[in-house]
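Position 57 of the sequence shown, counting from 1, maps to 130 under my numbering, and the rest follow consecutively. Beta carbons are placed, not taken as given, at the ideal position from N, Cα and C, and that holds for glycine. These notes concern the structure reproduced below.
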Amino acid sequence: MGRGHGDTALVGRLRERAALEGSLAGVRSGAGGSATVLRGDAGIGKTALLDWTAVRAAEQGFTVLRAGAEEAEAGTAFGVLHQLLGPLLEDSRVLPRPQRHALERALGLRDGLPSGGFMVGASTLALLAHEARRRPVLILVDDLHWVDASSAAVLLFLHQRIGNLRAVMVCAGRPDGRALEGRPVRPVDVGALSREESRVLLRRRHPGLTAATAERVLDEAAGNPLALAELPGQLAAEHRRGVVPLPERLPLGRRLEAEYVRRLRSLPLDAARVLLLGALEGSGVVPEAVPGGRGGAERTLGDIEGSGLARLDHTGRLVFRHPLVRSAVIAAASDAERRSAHRALAERLAEDDPRRLLHEASAAEEPDERLAARLQEAGTRIALRGGDAEGALLLDRAADLSADPAHRARRLTWAAVMSARGGRLAYAARLVRELRRGPVPEDVAPLFAYAVVYVDQSHHVDFDSSFSLLPRALDALTAPGAPVFGDLVEQMVFKLLLASVYTGDPRGWETLRRHREQVSPAARLCLRAWADPPRTAHGAEAELRALVAKSAARRETGGAWLLLWTAAAVDGADTALWRLLSGEHAYATQGSLAKARCYQGFLRGRWEAAQECLREAETAEELGYHTNALLFRHYYAHFLAGRGDERGLAQARARIEPAASRARMRFVTDRLDHLDALVSLAHGRYEEAYTRLRRLMAPGDLPHDVPWFHLPFFDFVAASLRCGRRAEALAHVAAGRAARMDAISAHHAFLLAAATALTAEDDATDAADAAYAAAYAVPGAGQWVFDLARLRLADGSRLRRLGRRAEADDRLRAASRAFRDLGAGPWEEQCRAALGTPGDTGAPGPGPLTAQELRIARLVATGLTNKEVGAELRLSPRTVGAHLYRIFPKLGITSRAALARALPEDRAGAGSPPGPVPLRRGS
């Protein structure tokens, strides 16, 4: 990859390595020597292959002789030969005197004129043959095209006789190097690395690059290993980290630039000018555009092709041999030459061609308000078509050309907003910092406030400015006669709603209520869906679907965000919404779409998508969207909790919670508590689950500050029942019914019906059957895969206790299959336990009771109440109830009265407390 003996851990190059390994093996096996020439462009990796070959040969006992030619020493006679033979010169005394003297004179070790090339060649051959009798020899020569003529003659002599030696010669040179002519060698063309190989090498050499920067480097390097190694090192740290956009051309590494500049300087001025025009124009030079008339143009094109820097392609256009040549051509030109070329290119284009505007901007030497205004207009048009990131760059350039500081501040403010929406959040943060150093005109103060909030929310994971800046900005924008900034009001409402949901801060909710009648139907619906769902969100999912059906394929950005956030409130994102927003290519929208897809994947049983959350988190981090990254990891934690992965969830929580707590993001921290409770349920720790859920909500209370109340609703009822708190479970279900929870969305409806079925288990059998049937019949119940499997587990366990084994086993096996597909091992194990065997066979037989369970069962069998048993064993009545909930299915019974029959005399005594059975109090 470069000169010198560097890293020999090659990436790719399997074909080349096989050829070189074969040459070494041939010598070791006695098949004779061989010569190989590696041919390829500058930086393509020839030296790295020589390094690898040297290491392999040394490991196999070869004597390794190596030389590297230099352009500056191409006139030094026998310079390369001296490098090669240096390690063997002490053995030169074994040569006959004429040969030894000839070799020493050639190498400057003895006075006198050197002998002819044949005598020096013969001496070299004899010295190598002497060494080869002791061990095989590897001869390596780098940059063959710069080898001095005298050494080249000796090398040619050796090439012609190498087959008779136990030696391998490997040389490396350029494809067009004249030093290759006439040599009977085995050529190996070294080409570019594949995209994936390039990616591996770039990651190894520069692991800290952001994804966007890495992709640009991969494009520019086009598989050239030296470019992959050097280009990132020439970038500023803020470019490597993705803080600011990359420049139009990337700086070349020192060695590549020196190589291409050397060739450029050998060209006539007309040819260099044509290459510069082509490099700045970007799509290649048409021969007809070359000045000088037909004869002059042909000479110019001939000079260019002869340099090896560019060629005519099949369409007749002059294109660069490698993307790095284009960068070298631009880098070699002076500022004045580049501006002149940009002016020439602009003059060739029509007035309304957007490319002309860019060339004019690049040619400008001083502020130009007229040009800045045209750039602003073009950037705004691009942003309206969805190209926020591209529009931001034009606005930034317009700011640079602005003579008036106020105009500059306005354009920078728009650039900050556009770059944030377009996925260049770190760049937006830099622009905001720059704007804060000076006054912001009053007419764009709301826009500046929005930019600050955007950066704080998305980049800094900080929501304080949302409540200090947005209320005043919304007041200003909704006042009579206020300036209109597109759909900025909608976007501000969304940002304030987001901050209010995430933190629960009442200042946000108060402002949103105050402006409720001044916003769009989509904004009002979103506010209803999140503000206090048990009391405000009825019909929200149905209204959302109607809005989506009526919406055009292209929506304003704020409208798109509001629809997505409403769907998040009611778990209603579907294919119609995906189709509607698929044309939105700015990251601000695409990142939100990705979050919605990840969470929907969890809700709807597509748990193979879990890793996608982590990939999206990495992308968000690289783009500077740190809050998005936190939320993607938060959604990944849902999959871990569903699978009962305690260790994984603890690790995820440790990474997520500190930042979320600093930002007061109850949306995340409270839901982490819910996920911990879900894991406790998976492992049968019902009291622990109840305690965690009780912190979020009280029995029969659907709190307004937990807008996602429906998610732990079913879990709260299940945990309460398992802990013997039936009254609390019933109160919670009654609250859900009273709030008409089922009128909010399909998911709300299913969770209410499922919780209702759980509480019906102690009612008459027909009523319980009807309650479970009603839950299964909720429209769309099958889409909530995990929730439905848990309902089937509860139903199957109930039917087992009733002795209806055929029905029970159908439910339990269906649940077990679902849990197995989801990778939810602890839940699948609960199915197996309910079936009564370690495997899924449905064989009869209760599980064993623990010692404590036997004590409780024995006491209850005597007729004691839970309170009396608790007093006897120093347990709470609720804990006794929880134990009974586990004892009944193990014994295959459904009532306390059946306990005495289920505990035969030989089992009744096992594990019972010593002494007589206590009598019922008062007897």
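Asked                                                                                                            : Found
Buried or exposed by the 16-neighbour rule on C-beta atoms within 10 Å, applied to Thr109                        : buried
Gly715 beta carbon less than 7 Å from that of Ala897                                                             : yes
Cβ-Cβ distance between Gly757 and Leu498 below 7 Å                                                               : no
Alpha carbon of Leu637 to alpha carbon of Phe536, nearest angstrom                                               : 20 Å
Other residues of its chain near His1008: CB distance less than 8 Å, five sequence neighbours each side excluded : The structure shown has nothing for residue 1008, since the chain only spans 74 to 996.
Residue span of the beta strand (DSSP E) that contains Leu385, given as start and end                            : 383 to 385
The segment 731 to 745 in contact with the segment 679 to 693 per 3-pair CB rule at 8 Å                          : no
Strand pairing of Ser107, partner residues [DSSP]                                                                : Val241
Own chain partners of Val153 with C-beta closer than 7 Å, once the 5 adjacent residues on each side are dropped  : Ala140, Ala142, Val214, Val220, Asp221, Ser224
Gly757 - DSSP class collapsed to helix/strand/coil                                                               : coil
Closest by C-alpha distance to Gln856, when choosing among His279, Leu418, Ala891, Gly876                        : Ala891
Spatial distance of Ala518 from Ala546 (CA atoms)                                                                : 8 Å
Inter-stretch contact (C-beta, 8 Å, three-pair minimum) for the segment 755 to 775 and the segment 791 to 805    : yes
Backbone secondary structure at Leu176 - three-state DSSP                                                        : helix
C-beta contact flag for Ala294 and Ala300 at 7 Å                                                                 : yes
Three-pair Cβ contact test at 8 Å for the segment 608 to 617 versus the segment 563 to 582                       : no
Assigned exposure category for Pro427 - 16 Cβ within 10 Å defines buried                                         : exposed
Three-state secondary structure assigned by DSSP to Ile212                                                       : strand
Cross-strand partners of Val392 (DSSP beta bridge)                                                               : Arg384
In DSSP terms, what Val643 is bridged to                                                                         : Val643 is not bridged to any residue.
Reduced DSSP secondary structure (H/G/I, E/B, other) of Glu89                                                    : helix
Pro512 versus Leu585 - alpha carbon distance                                                                     : 29 Å
Best match in Thr453, Leu291, Glu515, Asp473 for proximity to Gly495 [C-alpha to C-alpha]                        : Thr453
Counted within 10 angstroms of its Cβ, other Cβ atoms place Ser544 as buried (16 or more) or exposed             : Sequence inspection shows Pro at residue 544; the Ser mentioned does not correspond to that position. Pro544 comes out buried.
Alpha-carbon spacing of Pro852 relative to Val752, whole angstroms                                               : 28 Å
Residue of Leu861, Ala843, Asp839, Ala476 minimising C-alpha distance to Leu824                                  : Leu861
Cβ-Cβ separation, Leu83 to Ala121 (assumed contact under 8 Å), whole Å                                           : 6 Å
Gly912, DSSP secondary structure in three states                                                                 : A caution first: Gly912 carries a pLDDT of 41, below 50, which makes its placement in the model unreliable, though a value can still be read off. Gly912 falls in the coil class under three-state DSSP.
Straight-line gap, His783 to Ala265 (C-alpha atoms, nearest Å)                                                   : 56 Å
Helix, strand or coil at Asp605 [DSSP, three-state]                                                              : coil
Residue interval of the alpha helix (DSSP H) (run including Ala862)                                              : 858 to 874
Cβ-Cβ distance between Glu433 and Ala451 below 7 Å                                                               : no
Residue environment, Gly632, which counts as buried when at least 16 other CB atoms sit within 10 Å              : buried
C-alpha distance - Val806 paired with Arg959, whole-angstrom precision                                           : 22 Å
Gly773 versus Val557 - alpha carbon distance                                                                     : 46 Å
Distance, Ala830 Cα to Leu957 Cα                                                                                 : 20 Å
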